[in-house]
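S.K.:
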Amino acid sequence: MDDLTKSFLRQKFSKYYSKYKPFIPREIEKREWGFINFDGIMIRHISLSNELELKGFLAKNPPLHAYYSSAYYKKPEANMEEKEWIKADLIFDIDADHLPKGGLKTAKRQITRLYDLLEEDFGCKDMIIVFSGSRGYHIHVYDEDFQQLGSQERREIVDYFYLNGISFREILPKAPQYLRLSDCMVRRLKSLIKRGELEKYLGLKRKVPELEEIILRKELREGDFTSIPKRILEKLPLFFEECVNRSRVYIDPPVTSDIKRLIRLPNSIHGKTSLRVTPIKRDEIDEFDPQRDAIAFDNDLTKVRVIRKVKFKLKDTEFRLEKGNHKLPEFAALYLICRGVARYGW
Numbered sequence: 426m427d428d429l430t431k432s433f434l435r436q437k438f439s440k441y442y443s444k445y446k447p448f449i450p451r452e453i454e455k456r457e458w459g460f461i462n463f464d465g466i467m468i469r470h471i472s473l474s475n476e477l478e479l480k481g482f483l484a485k486n487p488p489l490h491a492y493y494s495s496a497y498y499k500k501p502e503a504n505m506e507e508k509e510w511i512k513a514d515l516i517f518d519i520d521a522d523h524l525p526k527g528g529l530k531t532a533k534r535q536i537t538r539l540y541d542l543l544e545e546d547f548g549c550k551d552m553i554i555v556f557s558g559s560r561g562y563h564i565h566v567y568d569e570d571f572q573q574l575g576s577q578e579r580r581e582i583v584d585y586f587y588l589n590g591i592s593f594r595e596i597l598p599k600a601p602q603y604l605r606l607s608d609c610m611v612r613r614l615k616s617l618i619k620r621g622e623l624e625k626y627l628g629l630k631r632k633v634p635e636l637e638e639i640i641l642r643k644e645l646r647e648g649d650f651t652s653i654p655k656r657i658l659e660k661l662p663l664f665f666e667e668c669v670n671r672s673r674v675y676i677d678p679p680v681t682s683d684i685k686r687l688i689r690l691p692n693s694i695h696g697k698t699s700l701r702v703t704p705i706k707r708d709e710i711d712e713f714d715p716q717r718d719a720i721a722f723d724n725d726l727t728k729v730r731v732i733r734k735v736k737f738k739l740k741d742t743e744f745r746l747e748k749g750n751h752k753l754p755e756f757a758a759l760y761l762i763c764r765g766v767a768r769y770g771w
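Here the numbering used here runs 425 ahead of the position in the sequence shown, where the first position is 1.
The structure is reproduced here in C-alpha cells:
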C-alpha cells in the first residue's frame with residue numbers, strides 16, 4: 426500500500442473510531458488487547474480499564490484490526506507466562522472459506538444451526554452472534570459453566586459439533602448426535618421418496634413395494650436396524666456418511682479449543698474489507714446481509730485508481746469496474762482499497 430493510500434485509510438478509520446459507540450467486553454479490565462497497525466505490526470499485551478480508555482485509544486491510534494482476548498487475566502498487560510489466567514469465554518468461528526461449498530449464505534445457515542444446538546443440546550443462554558467483517562461469523566458464549574473449561578474439554582465440544590468419531594455401526598441411539606442424524610436421514614429419505622428416486626439412490630435394481638414403510642419406521646429413528654432387510658441395510662452406511670456430512674457444523678477447531686484466543690472486537694472495522702464486525706440478534710440473522718448491513722462508511726464520492734478489473738456488490742448496488750480511474754462512493758472505494766484492488770487518488 427502506497428503512503429498516500431495508507432494515510433487516507435488511516436484518516437477514515439480514525440474518523441470512524443472518534444464517533445462510534447464501542448462494544449465493551451465484559452470485565453474489560455481483565456482482557457488483553459491486541460491491534461494490528463497500518464504497517465502490519467501486531468501490538469499486544471495492552472490493558473484498557475473502561476469504555477473511555479478504549480474509545481480514546483482507538484481514536485488516537487486507529488488500528489487496521491482490533492482484537493481482545495477471550496480469556497480473563499489477573500494481569501492482562503503482562504507477558505503470557507505472567508498474566509495469570511482466570512477463565513475464558515467459549516468462542517466459535519465459522520469461516521465461509523472452510524466450508525465444502527456455499528460461501529457466506531451457507532456460513533450464515535451454519536452459525537444459525539450452531540446457535541440453536543448450543544441452546545438445545547448444551548443449555549446455553551448467554552450468547553451473541555457476530556459477523557466477522559469478512560467471510561464468516563462468530564459466537565461468543567458467556568455462560569459460566571463453560572468459562573472454566575480447559576482446552577481438552579473444548580476439543581470434545583468441537584468433536585460433538587464436527588461429529589468426529591461417529592460411525593454407522595457404533596453410534597449409540599440415545600446419544601444426542603444420533604437424534605440430529607436420524608432427523609437428517611428421515612428428511613433425506615422423504616425427499617428421495619417424493620421424487621421417486623429412493624431405489625435408484627440405494628442402488629436397488631428393482632422396486633421394493635414395502636421399502637418406504639420399512640425405512641420410515643419408528644425403529645430406524647431410534648437406532649434399531651434389526652427389522653431392516655439385509656439387502657437394504659448394506660446400503661445404509663454410505664447414506665449414513667452423507668447425513669453425517671450434512672449434519673456436521675464446520676466450526677474452526679483451533680478457535681474453540683484455544684483458551685487464550687484473541688478475537689475480533691465487535692463494531693470495529695475489518696482492515697481487509699472495511700466492513701463492520703457486526704453483532705447480530707438471533708431473530709435478525711435470517712434478514713442480515715453483510716454486504717448491506719455491515720457497511721461502515723458513507724456515500725461521499727472518492728477518487729480511486731482501480732488496478733484490475735473487478736465486480737462486487739455493496740448496499741444493493743452492483744459495481745463492475747474496469748482497470749483505471751474511477752469516482753466511487755466512499756464505502757465502495759474503501760472496500761476496494763482494503764481488498765488491495767485500488768489505490769487512493771488520481
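Backbone N, C-alpha and C fix where the C-beta goes; we use that ideal spot for every residue, glycine too.
(1) Use the C-beta contact count for D551: other C-beta atoms within 10 angstroms, 16 or more gives buried, fewer gives exposed.
(2) Under a Cβ-count criterion, where at least 16 other Cβ atoms within 10 Å of its own Cβ denotes burial, should E638 be classed as buried or exposed?
(3) Under the rule that 16 or more other beta-carbon atoms within 10 Å means buried, what is I468, buried or exposed?
(4) Thinking C-alpha only, which one of K508, S557, V566, A767 is nearest A532?
(5) Using the Cα positions of R671 and K740, report the straight-line distance between them to the nearest angstrom.
(6) What are the start and end residues of each continuous alpha helix (DSSP H) run of 4 or more residues lying completely inside the region 605-636, in chain order?
(7) Quick one: what does DSSP say P487 is sitting in, helix, strand or coil?
(8) Rounded to whole angstroms, what's the CA-CA distance from K728 to S559? Just pull it up for me.
(9) Taking the C-alpha atoms as reference points, what is the distance between I519 and Y675?
(10) Take K444 as the anchor and find which of S472, F482, A521, E452 has the nearest alpha-carbon.
(11) Quick check for students: name the residue ranges of the alpha helix (DSSP H) that lie wholly in the region 515-579, counting only runs of 4 or more.
(12) Please classify E506 as buried or exposed, where buried requires at least 16 other C-beta atoms within 10 Å of its C-beta.
(13) Quick check on DSSP: helix, strand or coil for K444?
(14) Kindly list the residues whose CB is nearer than 6 Å to the CB of F737, restricted to its own chain and excluding five residues on each side of it in sequence; keep chain order.
(15) Over what stretch of residues does the alpha helix (DSSP H) that includes V729 continue unbroken?
M.R.: Reading it off the structure:
(1) Around the C-beta of D551, fewer than 16 other C-beta atoms lie within 10 Å, and the residue is accordingly described as exposed.
(2) With a 10 Å radius around the Cβ and a threshold of 16 neighbouring Cβ atoms, E638 comes out exposed.
(3) It counts as exposed.
(4) Restricting attention to K508, S557, V566, A767, the CA atom closest to the CA of A532 is found in S557.
(5) Cα-Cα distance, rounded: 32 Å.
(6) If only complete runs of 4 or more residues are kept, the region 605-636 shows the alpha helix (DSSP H) at 623-627, in order along the chain.
(7) If DSSP states are grouped into helix, strand and coil, P487 belongs with coil.
(8) Looking at the two C-alpha atoms, the distance is approximately 24 Å.
(9) Approximately 6 Å, taken between the alpha carbons.
(10) Just measuring C-alpha positions, the residue of S472, F482, A521, E452 sitting nearest K444 is F482.
(11) You should have 528-547, 569-572.
(12) Counting every other CB atom within 10 Å of its CB across the protein chains shown gives E506 a total below 16, marking it as exposed.
(13) When secondary structure is reduced to three states using DSSP, K444 falls in the helix class.
(14) The residues are F744.
(15) No alpha helix (DSSP H) holds V729; the beta strand (DSSP E) holding it covers 726-731.
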